[in-house]
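For the sequence shown, the numbering used here begins at 109 and goes up steadily by one.
Just so it is clear, CB atoms sit at the ideal spot from N, CA and C, and this is done for glycine as well.
If you're wondering where the values come from, they're calculated on a predicted model, not measured in any experiment.
Heads up: the structure comes next, in structure tokens.
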Amino acid sequence: MKVFELGFEKLDESTDKISEKLEEIINTVFDSRVESASKVIEQAMAQAPAAGIALYENLLEQQEKAHQVTLEEREAEKALIYQKRQELELKTDLELLLTKYTV
């Protein structure tokens, strides 16, 4: 029994270490991408302010579209869950009626 407990403790420790390392890598990649995008925008703004602003607006529009799609998907999922819940309640009610009148 102790061998299993020790094994699970080691597994937990390894999982925690891997999670921390993955988090570091993700943060590094994210920071790098943000920095790169910021540099591109700064360069565009320096060369042609109107083009830089247009680029920035384009990025904001893309982000807004992605956010809107996410909201629409969430609403569709909520509607589906609500529909399934109603179907389940109806099924339960019908089963109760059947058992009540067949017994």
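Subject >> Segment contact, 8 Å Cβ cut-off, at least three pairs: the stretch 161-169 with the stretch 145-153 >> reply: yes
Original post:
Can you tell me the Cα-Cα spacing of residue 140 and residue 182, whole angstroms?
Top reply: 30 Å
Original post:
Nearest-angstrom Cα distance between residue 157 and residue 195?
Top reply: 57 Å
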